[in-house]
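Heads up: the sequence lines are chains A and B, in that order.
In terms of the working numbering, the first sequence is residues 44 to 374.
In terms of the working numbering, the second sequence is residues 44 to 374.
2 protein chains.
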Amino acid sequence: MCIIKRIKMKVTKQPFFIEVIRPQLKEVEKKLLADLGTYNKVLTEAATYLFKAGGKHLRPVLTLLIARMCGNQITSDHITLAISIELLHTATLIHDDIIDMSPMRRGLPSVNFKWNDKISVIAGDFLLARSSYYISKIGNTRLNKLFAKAVMDMCDGEILQLLQRYEIETAFEDYLKKTERKTALLMAVGALASSIISRSPYEKAAYDIGLNIGIAFQVIDDILDFSSDNKKLGKPVGNDLLQGNLTAPVLYALDSADGKRLKELIETKFSDKESIGEALEIINKPQNMDKAKNLAQHYANLAYGTLNSIPVTETHAALDDLFKFILVRSY
Amino acid sequence: MCIIKRIKMKVTKQPFFIEVIRPQLKEVEKKLLADLGTYNKVLTEAATYLFKAGGKHLRPVLTLLIARMCGNQITSDHITLAISIELLHTATLIHDDIIDMSPMRRGLPSVNFKWNDKISVIAGDFLLARSSYYISKIGNTRLNKLFAKAVMDMCDGEILQLLQRYEIETAFEDYLKKTERKTALLMAVGALASSIISRSPYEKAAYDIGLNIGIAFQVIDDILDFSSDNKKLGKPVGNDLLQGNLTAPVLYALDSADGKRLKELIETKFSDKESIGEALEIINKPQNMDKAKNLAQHYANLAYGTLNSIPVTETHAALDDLFKFILVRSY
Chain A
44 MCIIKRIKMK VTKQPFFIEV IRPQLKEVEK KLLADLGTYN KVLTEAATYL
94 FKAGGKHLRP VLTLLIARMC GNQITSDHIT LAISIELLHT ATLIHDDIID
144 MSPMRRGLPS VNFKWNDKIS VIAGDFLLAR SSYYISKIGN TRLNKLFAKA
194 VMDMCDGEIL QLLQRYEIET AFEDYLKKTE RKTALLMAVG ALASSIISRS
244 PYEKAAYDIG LNIGIAFQVI DDILDFSSDN KKLGKPVGND LLQGNLTAPV
294 LYALDSADGK RLKELIETKF SDKESIGEAL EIINKPQNMD KAKNLAQHYA
344 NLAYGTLNSI PVTETHAALD DLFKFILVRS Y
Chain B
44 MCIIKRIKMK VTKQPFFIEV IRPQLKEVEK KLLADLGTYN KVLTEAATYL
94 FKAGGKHLRP VLTLLIARMC GNQITSDHIT LAISIELLHT ATLIHDDIID
144 MSPMRRGLPS VNFKWNDKIS VIAGDFLLAR SSYYISKIGN TRLNKLFAKA
194 VMDMCDGEIL QLLQRYEIET AFEDYLKKTE RKTALLMAVG ALASSIISRS
244 PYEKAAYDIG LNIGIAFQVI DDILDFSSDN KKLGKPVGND LLQGNLTAPV
294 LYALDSADGK RLKELIETKF SDKESIGEAL EIINKPQNMD KAKNLAQHYA
344 NLAYGTLNSI PVTETHAALD DLFKFILVRS Y
């Protein structure tokens with residue numbers, strides 16, 4: 044299901060931020076599934092499975108809106124960039140699901156559960172390479188370097204997350220570092236690359252907008268892991284916690300009056316059902332969720348601040364709309 | 044242990060093909076371990092572990108020799124290319140060892156056994172990105188495209204191998220296709236990229252030399268999986284067969300008088316020790332091994348033929364020496 048249809052189902056009115064880039068986004072969605080005829084069917088099925096399952100396509104959306112912000116022109120290179128980013132993002136999802144042993148993604152069995160870890164390793168590698176192929180088409184090795192460096196940093200973020208599982212002494216600083224590297228960096232680099240293609244003087248602003256809205260997006264994702272339901276989320280609620288990933292709501296709860304009990308529960312690594320249930324109840328308390336929402340709002344405010352610092356274009360309203368969507372989304 | 048030391052131990056005299064590129068190869072080896080200070084220690088340890096364990100570095104060697112063949116000049120871009128290829132090759136080894144559940148590599152526990160599959164996925168991705176970063180440094184997106192396309196094709200080869208496990212009806216054509224995609228292509232692309240950097244008119248010759256010597260190399264590798272010993276090989280003998288990968292010696296044995304019995308044994312998927320022992324005995328018969336050696340020689344001859352079709356440089360003797368090494372190697 045494509046983003047356009049999906050968002051139609053979720054909100055009564057077509058979001059403005061989609062409306063202004065609708066034809067270009069359609070082109071991105073179409074090309075994600077194109078030119079795969081020469082490869083083995085199992086490989087292409089596994090590699091394109093998550094595209095067909097839908098997804099918010101927020102990274103291409105942001106990239107295309109930044110192109111507009113930087114010059115109002117979306118060129119074929121911007122579209123190639125948007126494709127490359129979604130390919131790269133999907134590759135990381137497939138490999139992350141191996142690492143997190145996630146059974147679901149986008150409401151369907153994850154690639155590792157539908158096929159297996161071996162196919163997932165190969166399908167992820169294939170998409171990483173395809174992403175690199177697309178970015179090369181633009182013909183500017185500065186972009187290739189940016190993306191390669193971003194992937195290295197994302198790997199660093201993944202390792203940090205892996206090593207800090209169940210680590211109740213995780214500092215907020217480490218959480219933010221992981222969040223930046225794992226999620227926000229790709230949005231930042233996508234926005235920066237878009238501004239480079241536009242030959243815009245606002246490269247730093249584009250990067251900062253991507254980075255800050257990326258952190259806000261991930262904090263909301265971490266909240267939804269607790270407050271959403273399986274169906275909306277398309278993956279099991281509480282999976283982050285079960286994997287020992289201690290995100291913003293958990294860190295706030297650890298710092299609350301229930302912190303001592305939560306620590307004990309986390310230390311069991313949730314070997315029984317009761318302990319995860321009790322932990323979820325503690326974390327879900329409004330004061331923890333509100334603090335996490337405020338954190339997301341803080342990063343969104345930084346993005347708004349940067350956006351408002353540059354000359355207003357007609358795309359500002361669409362970016363504003365996108366930031367709001369990121370903050371209020373429920374999936 | 045570096046290639047120079049390792050080859051010294053194996054043969055009494057320093058091979059000529061190493062001698063002519065010794066300073067450049069040293070530089071490659073040094074840079075493989077450089078500039079990693081900002082990344083997490085576990086990540087860099089897992090990612091550089093196989094470099095420290097040694098390896099033949101045949102891909103950088105071939106790349107550097109082709110540079111010589113194309114103009115006698117090894118530039119800093121050729122060295123960057125050689126680093127990129129070894130990074131990419133090592134990434135594929137780390138991910139392959141997850142797929143094949145290999146316990147050993149280069150005489151040490153494989154990354155997935157020393158750490159685990161999760162760390163292996165991330166370390167492989169990190170090296171893929173680092174390879175892409177290095178190739179971008181050269182500043183020619185044609186090279187980026189070539190490498191990205193090669194990785195996609197290598198993934199296709201991996202999937203083919205995975206899907207054809209224990210498939211006793213595997214045709215020789217399929218075996219050669221897998222061999223080309225899995226192994227030879229990277230050597231071909233490395234040689235081609237080297238000739239592109241040299242602005243040589245012999246791009247096609249460089250590619251063909253890499254491709255054919257790459258197939259010869261892999262056929263010998265497949266022979267060594269049966270005829271070598273664990274210590275020399277640095278990994279368990281017979282592992283390909285145990286994983287159901289039916290390589291040239293197996294295909295020849297299936298086509299021999301013992302073929303019927305071997306089929307029965309393969310169909311058991313080696314659920315007991317006796318069946319793998321009996322299968323190894325059948326495959327190891329001289330007539331099967333000789334046929335496989337002839338196949339490797341055939342592809343080496345094609346490489347020799349191409350080499351002899353282009354104007355002789357002083358590097359021809361070194362390439363000739365490398366081809367011989369590939370054919371007679373025992374590890």
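Backbone N, C-alpha and C fix where the C-beta goes; we use that ideal spot for every residue, glycine too.
Can you tell which of the options has the C-alpha that lies nearest to the C-alpha of residue i?
i                           : options                                   : result
alanine 234 of chain A      : A/Gly302, A/Asn327 and A/Ile109           : A/Ile109
isoleucine 263 of chain A   : A/Asp196, A/Lys278 and A/Phe368           : A/Phe368
isoleucine 178 of chain A   : A/Leu124, A/Arg224 and A/Lys192           : A/Leu124
glutamate 321 of chain B    : B/Lys336, B/Asp139, B/Asp333 and B/Lys303 : B/Lys303
glycine 348 of chain A      : A/Ala335, A/Lys336, A/Leu362 and A/Glu357 : A/Leu362
serine 127 of chain A       : A/Asn155, A/Asn159, A/Phe169 and A/Lys95  : A/Phe169
serine 153 of chain B       : B/Asn255, B/Leu323, B/Asn183 and B/Ala89  : B/Ala89
leucine 305 of chain A      : A/Leu254, A/Leu219, A/Glu210 and A/Cys113 : A/Glu210
glutamine 261 of chain B    : B/Lys220, B/Ala236 and B/Ser241           : B/Lys220
tyrosine 218 of chain A     : A/Pro58, A/Lys180 and A/Thr290            : A/Thr290
valine 293 of chain A       : A/Ile61, A/Gly277, A/Asp265 and A/Asp272  : A/Asp265
phenylalanine 60 of chain A : A/Val164, A/Thr358, A/Ser373 and A/Arg372 : A/Thr358
arginine 102 of chain B     : B/Asn187, B/Ile252 and B/Asn183           : B/Ile252
leucine 107 of chain B      : B/Pro66, B/Asp268, B/Leu79 and B/Trp158   : B/Pro66
glutamate 216 of chain B    : B/Ile181, B/Gly277 and B/Tyr295           : B/Tyr295
Shorter than 9 Å from the beta carbon of residue i to some beta carbon of chain A?
i                         : result
cysteine 113 of chain B   : no
alanine 172 of chain B    : yes
lysine 336 of chain B     : no
valine 54 of chain B      : In this prediction, valine 54 of chain B has a pLDDT of 46, which is less than 50 and means its spatial position is unreliable; nothing more can be read from the coordinates.
asparagine 187 of chain B : yes
asparagine 327 of chain B : no
lysine 312 of chain B     : no
isoleucine 178 of chain B : yes
leucine 86 of chain B     : yes
In chain A, which residues lie less than 8 Å from residue i when you measure between Cβ atoms?
i                        : result
asparagine 83 of chain B : Asp199, Ile202, Leu203 and Leu206
serine 243 of chain B    : Residues of chain A passing the Cβ test: none, with the nearest at roughly 21 Å.
histidine 138 of chain B : Val164, Ile165 and Asp168
Say the cut is 8 Å; is the CB of residue i nearer than that to a heavy atom of the ligand NAD?
i                         : result
asparagine 331 of chain B : Absent from the structure shown: the ligand NAD. Ligands present: none.
Between residue i and chain B, is any beta-carbon pair separated by less than 9 Å?
i                         : result
valine 164 of chain A     : yes
alanine 227 of chain A    : no
isoleucine 240 of chain A : no
aspartate 120 of chain A  : no
threonine 213 of chain A  : no
lysine 48 of chain A      : With a pLDDT of only 47 at lysine 48 of chain A, under 50, the local geometry of the prediction cannot be trusted, and the value read off the model is given with reservation. No, no contact with chain B.
asparagine 183 of chain A : yes
valine 194 of chain A     : yes
isoleucine 369 of chain A : no
Since residue i meets chain B, which of its residues come closer than 8 Å, beta carbon to beta carbon?
i                            : result
isoleucine 142 of chain A    : Lys161, Val164 and Ile165
phenylalanine 269 of chain A : Correct list: empty, because the minimum Cβ distance to chain B is about 24 Å.
Name the chain A residues whose beta carbon is nearer than 7 Å to that of residue i?
i                     : result
serine 175 of chain B : Ser175, Asn187 and Ala191
Since I believe residue j is in contact with residue i (beta carbons under 8 Å), could you give me their beta-carbon distance rounded to a whole number of angstroms?
i                         : j                         : result
lysine 161 of chain B     : leucine 93 of chain A     : Not quite, the Cβ-Cβ distance comes to about 20 Å (not below 8 Å), so this is no contact.
arginine 224 of chain A   : glycine 287 of chain A    : With a Cβ gap of about 18 Å, arginine 224 of chain A and glycine 287 of chain A do not count as contacting.
isoleucine 319 of chain A : leucine 285 of chain A    : 6 Å
alanine 193 of chain A    : leucine 229 of chain A    : 6 Å
alanine 259 of chain B    : alanine 339 of chain B    : 5 Å
arginine 185 of chain B   : isoleucine 137 of chain B : Incorrect: roughly 27 Å between the Cβ atoms, too far for contact.
isoleucine 117 of chain B : valine 71 of chain B      : The Cβ separation is near 10 Å, so there is no contact.
arginine 148 of chain A   : glycine 97 of chain A     : 10 Å between Cβ atoms; not a contact.
- prompt: Quick one: any contact between the region 237 to 253 of chain A and the region 196 to 211 of chain A, if contact means 3 or more CB pairs under 8 Å?
  reply: no
query: Per the contact definition of three or more C-beta pairs closer than 8 Å, is the region 338 to 352 of chain A in contact with the region 312 to 319 of chain A?
result: no
Any 3 or more C-beta pairs closer than 8 Å across the region 329 to 337 of chain A and the region 294 to 301 of chain A: yes
message: Check whether the region 128 to 135 of chain A and the region 143 to 151 of chain A touch, using three or more Cβ-Cβ pairs below 8 Å as the test.
response: no
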